[in-house]
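Data block below; observations after.
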Amino acid sequence: MSQFAINIIFVGGSFLLYILIAIWAKAGSTKDFYVAGGGVHPVTNGMAIGADWMSAASFISMAGLIAAGGYSNSTFLMGWTGGYVLLAPYLRKFGKFTVPEFIGDRFYSKNARLVAVICLIVASVTYVIGQMAGAGVAFSRFLEVDSTMGLIIAAVVVFVYAVLGGMKGITYTQVAQYCVLIVAYTIPAVFISLQLTGNPLPPLGLFSTHIDSGMPILEKLNQVITDLGFNSYTADIDNKLNMVLFTLSLMIGTAGLPHVIIRFFTVPKVADARWSAGWALVFIALLYLTAPAVASMARLNLMTTIYPDGTDAAPILYEDRPNWVKEWEITGLIKFEDKNNDGRIQLYNDTPAYQAEAEARGWAGNELTVNRDILVLANPEIANLPGWVVGLIAAGGLAAALSTAAGLLLAISSAVSHDLIKGSINPNISEKGELLAARISMSVAIVVATYLGANPPGFAAQVVALAFGIAAASLFPALMMGIFSKRVNNIGAIAGMLTGLAFTLIYIFVYKGWLFIPGTNNLPDTPDNWVMGISPLSIGAIGAIVNFAVAFVVSNVTEEPPVEIQELVESVRYPRGAGSAHDH
Amino acid sequence: MSGHSYDAENYWKANLRLIFGCLIVWALVSYGFAILLRPLLAGISIGGTDLGFWFAQQGSILTFIALIFFYAWRMNKIDEQFGVHEE
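Just so you know, the sequences run in chain order A and B. Take the position in the first sequence, starting the count at 1, then add 19; the result is the number in our numbering. Take the position in the second sequence, starting the count at 1, then add 373; the result is the number in our numbering.
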């Protein structure tokens, strides 16, 4: 059977499964639509959170980032898991359907709710475009369709289960998607770990001995890449302030992203919400503990493919390149240019420090550029794994992208139908009317996301800066203060959110361009120009601190919140009487 | 639940103490062992690198899991102790 046919079977089979689940889990009420009826088991919810959280970025891009950056990019591993430790304590009886609704009620202000809705929509739309674009890439590579066509297929599938089933449909498809993505991610990793180290568990293989060289695998990797002028994989770095702030921004961003938080509203009790945070992290960790092993092993595999006789010997001839290189060349994600016309592939770090060595070897520049996003997708082919593993990876990448997209679309549509329409525009809307409004706003959101996925605007590539920056600097502090302080009032909260947000956006725009329009940046986006070496990606943490500080100062010089709001804060703190999420 | 009883105050204090304890461990393994204190752990070698690297790519995540389960277990216990748990 051809690889194409295998891919079709895996991807088509998984899509059929999602649609069958959607038909089975149709939403009948707004409670079904917003919080899956509020009766989801904590372990089930943990799995759904895992799929909701792990996006195309986690599945496709993260291992490539770690492979490229080594130790310094461990920030992604810690940042995208550590937020759950912060989340757990504030999972309480919000008793609400949406995040802006809690912020609006706690700070007794429609404006606060509106600010939260805007933050939610900007963060989630940025995020969802990345998912749709990721799904498009996976389609174009594995199913040999045009990526726009791929996007439309993906959008139709999401449409069926998200619009029909709402949170209920999304929850159960996410459980299935979690299973698909985790199997797809770990199977190739187990094979590769076995091949390279003889240890079937990748997290242990990462610290084991490399069979071919008899050295620890990380030491071998360091040797190979430093021989070619790259930075050591495991070495410590100098700019620790930025590493700390970047990790912190990712963590508090995670704890402030509405599509994650609303998943916790689907369980019946506060105690269950706490357990489901633990289960979520267990399911997430299965991938996150495997990713660093995939990163280092795939990088070593890539190097030994190009330099089969060691780094001192000549690299392979372009004619002899393996089949997977040819396949990815077609997509443009691997590019070769024979700069010294010797017919061989020189892959090395083209820096001044390596200049002398390169000249001595007759090299005229690095000749192979490999897009780091292909690492996970090409991994089974690099390691010569059977065709069905490749099909599995295709289905897994799509599961990761679609499950996160659905969660984000739900967060967006509920903010529109519940917070904007029911909350402001038409408070007297009937239950049936609101359900219809939710379905219509979901449909509109899908169309917009698909269009933007096919024609990504400049900000789409800035998911980490924009989505995490906004969540960290505006939503997270507002939620924290809403629960942990009785003194913060409406004016303080709004002032805090707006200054935190403005501060963060301005810092990002100064380096990345105003509204990300190329050429409009005031300073070049390089470490020498960053204030105290703080990258625009790490600024969300400082934005959060600004938000807290402004909110406290402003609240303390203005009136205390009314008594009934202080009582609301009290009641949120005690689980008894919480029940599941309900409407007012 | 009446807002200002003695018990309510103690319940909230116990809650904050637990959160604070968890956050100390959380910060220690990630910002501490994996980043700022890594040079101190450089002497402890593990699989071709040092313990700080292991904390950055494995240890911190494993600790986070343990922390959340510990928090959930303790917090649910505290809820029961103070009689504020849900039936």
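The beta-carbon is built from N, C-alpha and C at its ideal position, and this holds for glycine as well. Since we're looking at a predicted model, the values are computed, not measured.
query: Contact list for the region 245-276 of chain A against chain B, Cβ threshold 7 angstroms; result: Thr253, Asp255, Lys259, Met262, Val263 and Thr266
query: Contact between the region 273-281 of chain A and the region 30-50 of chain A (3+ Cβ pairs under 8 angstroms); result: no
query: Every unbroken alpha helix (DSSP H) inside the region 145-204 of chain A [4 residues or more]; result: 166-177
query: Residue nearest to Ser33(A) in terms of C-alpha spacing, selected from Val588(A), Thr423(A) and Gly415(A); result: Gly415(A)
query: Which of helix, strand or coil DSSP assigns to Asp331(A); result: coil
query: Straight-line gap, Glu586(A) to Pro311(A) (C-alpha atoms, nearest Å); result: 47 angstroms
query: Terminal residues of the beta strand (DSSP E) in which Ile444(A) lies; result: No beta strand (DSSP E) contains Ile444(A), which DSSP labels as neither H nor E.
query: For Leu139(A), the three-state DSSP class (helix, strand or coil); result: helix
query: Neighbour-count burial assignment, Gln454(B), 16 or more Cβ in a 10 Å radius; result: exposed
query: Where the alpha helix (DSSP H) through Lys354(A) begins and ends; result: Run containing Lys354(A): none in the alpha helix (DSSP H); it sits in the beta strand (DSSP E), Ile353 to Phe355.
query: DSSP state of Arg340(A) mapped onto helix, strand, coil; result: coil
query: Supposed close pair Ile38(A), Val176(A) - CB separation, criterion 8 angstroms; result: 7 angstroms
query: CA-to-CA distance, Ala425(A) to Ser460(A), given in whole angstroms; result: 13 angstroms
query: Alpha helix (DSSP H) runs wholly inside the region 29-109 of chain A, at least 4 long, in chain order; result: 49-54, 61-72, 81-88 and 93-106
query: Positions along the region 392-412 of chain B whose CB lies within less than 8 angstroms of some CB in chain A; result: Ile392, Cys395, Leu396, Trp399, Ser403, Tyr404, Ala407, Ile408, Leu409, Arg411 and Pro412
query: Assigned exposure category for Trp99(A) - 16 Cβ within 10 Å defines buried; result: buried
query: Residues that DSSP places opposite Val389(A) in a beta bridge; result: Ile353(A)
query: Min CB distance Ile434(B) to chain A below 9 angstroms; result: yes
query: Segment contact, 8 angstroms Cβ cut-off, at least three pairs: the region 543-562 of chain A with the region 517-534 of chain A; result: yes
query: CA-to-CA distance, Phe478(A) to Phe535(A), given in whole angstroms; result: 6 angstroms
query: Beta carbon proximity, Ala445(B) to chain A, threshold 9 angstroms; result: yes
query: Per-residue burial, Trp427(B) [other beta carbons within 10 Å of its own, 16 or more giving buried]; result: buried
query: C-beta neighbour in chain A for Gly416(B), strict 9 angstroms; result: no
query: CB contact flag (Thr413(A), Asn92(A), <9 angstroms); result: One point to set straight first is that residue 413(A) is Ala, not Thr, in the sequence displayed. In this structure, Asn92(A) does not lie closer than 9 angstroms to Ala413(A) by Cβ.
query: The alpha helix (DSSP H) enclosing Gln374(A), as first and last residue numbers; result: Gln374 to Ala379
query: Neighbourhood of Leu260(A) by C-beta distance below 8 angstroms, restricted to the same chain and skipping five residues each side; result: Met551, Gly552 and Ile553
query: Proximity to Ile280(A) [Cα-Cα], best of Leu84(A), Val467(A) and Leu139(A); result: Leu139(A)
query: Those residues which DSSP pairs with Thr228(A) across a bridge; result: Pro235(A)
query: Proximity of Asn508(A) and Thr577(A) at Cβ, strictly below 9 angstroms; result: yes
query: Pairwise C-alpha distance: Ile440(A) and Asn447(A); result: 10 angstroms
query: Continuous alpha helix (DSSP H) stretch holding Ala290(A): start and end; result: Val289 to Ile325
query: Short Cβ contact (9 angstroms threshold) for Gly101(A) with Trp399(B); result: yes
query: Interface residues of chain B facing Val507(A) [CB-CB closer than 9 angstroms]; result: Those do not exist, as Val507(A) stays about 16 angstroms from chain B at its closest Cβ, beyond 9 angstroms.
query: C-beta neighbour in chain A for Ala387(B), strict 9 angstroms; result: no
query: Interface partners of Glu459(B) on chain A, CB under 7 angstroms; result: Lys288, Val289, Ala290, Pro594, Arg595 and Ala597
query: Coil, strand or helix - Ile281(A) by DSSP; result: helix
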